[in-house]
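In the numbering used here, the protein residues as written are 8 to 325.
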Amino acid sequence: MIIDNILEFVGGTPLIKVKNNKMGAANVYVKLEEYNPGGSIKTRIAFQMILDAEKKGILERNSGQVIIEPTGGNTGIGLAIAGAALGYNVVLVTPDNYSEEKKDVLKAFGAKVILSDHTKGNDSHVQKTNEIVDENSNYIYLNQFNNISNPEAHYFQTGEEIISDFVQYQNVVDAFVAGIGSGGTLMGVGKKLRTSFSEMNIVGVQPTGCDTLNEEFIPHKIQGIGAVLTSFVDTKQIDKMVSISYEEALYWMRYMAREMGVLIGISAGANIAASMKLAEEMGGNQNIVTVAPDSGRSYIDLFITDNHFEKEKSTSIV
Ligand code: PMP
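In structure tokens:
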């Protein structure tokens, strides 16, 4: 494959069937999103948000406009890549206790990192972003948590890819399982799959102790998911929530590496743990699809010890 722009390589990620020794359980397939540029599912939405903003006339390439977003996580990397590839300056706002390593990844793609004072609260980076946007009319805040392009990227791409993979083998999807960060993945993919598989269940994943649908949140260590409900999370469409502990998520991320040679992140471990529980309830001949939002490379020490979050001071950023 010869391409002109790295963004042509977004999407088209593989679905792998998870080896399961439990007799009579449903099949579990995981879509490996680390194979997107930037190593995560979030490059899909970063690219989509920019393209849609261009179509609406909000953004114009090489115009001196600056894309700003309060994130240092996967969305930040996705925006930094899309900005570099399309000719935008990108500013990412992170709390000042955010890990140096993660900030360096953003800077490597040419993004500027602005720090907010973390003592001002959990959303100090969001506050700081709003202040900057108010003072600078050429700064465009795409806001993944309130931008319909986020679930639409998953509706039109991630979901569509899963449908064509299953239809090709004349198979159906009986459940789609995903954790909720912004909710873009669960709602976008879930709604799209239901257009082809009308009986399919949409199943959310939450860290044990959190009650996502009622927005009850307790601090937890499964980075990327939690109790933020956005305008596009339609709770009536969610058939079931499955609670997963940090230890269960760790078990499955290590299992995938050691038994299958697939290095996935902690939220992916949680998605697979939830899918495996569901697989026993649902039984054979049924198919469950879930996602691995990113690679285990960002959490590499978790494969050896579980003290990753001791040094990771800021875990709530998506
Ligand atoms: N896992 C990881 C590692 C993530 O970065 C995110 C994004 N916050 C999610 C899961 C949740 O995805 P979404 O925002 O689409 O709900």
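We put the CB at the ideal spot given by N, CA and C, even for glycine.
- In the DSSP assignment, Asp301 forms a beta bridge with Ser47.
- In the structure shown, the three-state DSSP call for Thr202 is helix.
- Annotated three-state conformation of Pro158 is helix, per DSSP.
- Distance check between Gln177 and each of Asn294, Phe54, Ile232 and Ile57 places Asn294 closest, using alpha-carbon atoms only.
- Remark: the shortest separation between the CB of Thr242 and any heavy atom of ligand 1 does not fall under 6 angstroms.
- The secondary-structure analysis by DSSP pairs Ser250 across a beta bridge with Gln213.
- Residue side-chain check: Asp172 keeps its Cβ at 6 angstroms or more from all non-hydrogen atoms of ligand 1.
- For a cut-off of 8 angstroms, the C-beta gap from Ile23 to Val37 is around 6 angstroms, short enough to register as a contact.
- Taking a contact to require three or more Cβ pairs closer than 8 angstroms, the segment 201-220 and the segment 232-241 qualify as touching.
- Within the model, the alpha-carbon separation for Asp111 versus Gly290 is close to 46 angstroms.
- Contact between the segment 25-37 and the segment 262-280 is present: three or more C-beta pairs spanning the two stretches fall below 8 angstroms.
- For Ser70 and Gly128, the gap between their C-alpha atoms comes out near 34 angstroms.
- Unbroken beta strand (DSSP E) runs of no fewer than 3 residues, entirely contained in the segment 121-191, are found at 146-148 and 182-186, following chain order.
- At a threshold of 6 angstroms, Asp308 does not count as near ligand 1, since its beta carbon sits no closer than that to any of the ligand's heavy atoms.
- At least 7 angstroms separates the beta-carbon of Phe152 from that of Ser123.
- Beta-bridge partners of Val98 (DSSP): Ile75 and Lys119.
- No Cβ-Cβ contact shorter than 7 angstroms links Leu99 with Phe54.
- The alpha-carbon separation between Glu76 and Gly211 amounts to approximately 26 angstroms.
- In this chain, Ile13 is not harboured by any alpha helix (DSSP H), its DSSP state being neither H nor E.
- Taking a C-beta distance under 7 angstroms as the contact criterion, Ala185 and Ile229 do not qualify as a contact pair.
- Closest option to Gly272, judged by alpha-carbon separation, among Ala299, Asp246 and Thr136: Ala299.
- Beta-bridge analysis with DSSP links Lys109 to no other residue.
- At the C-beta level, Ala87 and Phe116 come within 7 angstroms of one another.
- Judged by the Cβ position, Asn43 fails to qualify as a neighbour of ligand 1 at the 6 angstroms threshold, every heavy atom of the ligand being at least this far.
- The bridge partners DSSP lists for Ile271 are Ser302.
- Within the same chain, Ala87, Val97 and Leu99 come within 6 angstroms of Ala118 by CB-CB distance, once the 5 residues on both sides are set aside.
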